[in-house]
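Numbering (this note's numbering), first residue to last: 1036 to 1273.
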């Protein structure tokens, strides 16, 4: 059996057609025989299903996919599994163990794509500041602790990664600021890669980014402006 996984920096991409690459995996008798990552050859209606079918793919795994693309895959006898999140290596292991279960589609198609930074209005509220241990991240307008907290998540100019106990920090300039799509998801995946326990920001986080953060067990904490240092002190004081 040969499967394909939409891939973005080692994680399952939420956008099937726009992912940078695909991980192609050969599986025999519940063992991985071969795994390789190939570049996305380009996205046009009906092309990718045929392209992957020619490569012998029988299953496609992605975070999300539109109904038309699913129809094209069905025409090429390729099973579609969407709503999958996490590191590609872990997803492969889960697939081999037959533990992959489709989840809620992460790519919200309705003719128009929902921007990744569009505020979502959940029934549940963001978590209030409390005692958390481990590394945290604050969205920031600048590269130091005296910079103001940024309202948006995915397009924040900087992410400040901090160890609250020691106040040691790393300023990370966000490379996704200029990208057209998927910035919230990319930023959420970065949080998971960095081992962040909580993200502090001044505003809301988009639907898709929220799902990735929640899947990684990362707390979302909304703060009322101020500087990065003040946000950290507020968190430590509760």
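Using N, Cα and C, we set each Cβ at its ideal position, and we do this for glycine too.
| Check | Outcome |
| --- | --- |
| Nearest candidate by alpha-carbon position, reference residue 1257, set 1188, 1072 and 1182 | 1188 |
| Burial state of residue 1043, where buried means 16 or more other Cβ atoms lie within 10 Å | buried |
| Uninterrupted beta strand (DSSP E) stretches inside the region 1160-1231 (no shorter than 3 residues) | 1171-1175, 1193-1198 and 1203-1208 |
| Same chain, Cβ closer than 8 Å to residue 1143, five either side skipped, listed in chain order | The predicted position of residue 1143 is uncertain, since its pLDDT is 46 and thus under 50; a value taken from the coordinates is nonetheless stated next. These residues qualify, in order along the chain: 1099, 1149, 1242 and 1243. |
| Limits of the unbroken alpha helix (DSSP H) element including residue 1104 | 1102-1110 |
| Of the residues 1128, 1118, 1092 and 1125, the one placed nearest residue 1136, counting alpha carbons only | 1118 |
| Backbone secondary structure at residue 1067 - three-state DSSP | strand |
| Length of the line joining the Cα atoms of residue 1251 and residue 1121 | 8 Å |
| 6 Å CB neighbourhood of residue 1218 in its chain, flanking five on each side removed | 1151, 1189, 1190 and 1211 |
| Rounded separation between residue 1200 and residue 1269 - CA only | 13 Å |
| Buried or exposed by the 16-neighbour rule on C-beta atoms within 10 Å, applied to residue 1259 | exposed |
| Nearest to residue 1226 (by Cα), restricted to the options 1216, 1245, 1177 and 1084 | 1245 |
| DSSP state of residue 1041 mapped onto helix, strand, coil | strand |
| Of the listed residues 1253, 1221, 1183 and 1247, nearest to residue 1233 (C-alpha basis) | 1253 |
| Endpoints, beta strand (DSSP E) assigned at residue 1095 | 1094-1096 |
| Start-to-end residues for the beta strand (DSSP E) that takes in residue 1263 | Per DSSP, residue 1263 belongs to no beta strand (DSSP E); it is in the alpha helix (DSSP H), 1263-1271. |
| Burial state of residue 1102 (16 or more Cβ within 10 Å) | exposed |
| Nearest-angstrom beta carbon gap, residue 1085 and residue 1111 [assumed within contact, 8 Å] | 6 Å |
| N-terminal and C-terminal residue of the beta strand (DSSP E) that residue 1240 is part of | Element bounds for residue 1240: n/a, residue is neither H nor E. |
| Buried/exposed call for residue 1123, threshold 16 Cβ in 10 Å | buried |
| Limits of the alpha helix (DSSP H) - the one that residue 1088 falls within | 1082-1089 |
| Cross-strand partners of residue 1235 (DSSP beta bridge) | 1173 and 1256 |
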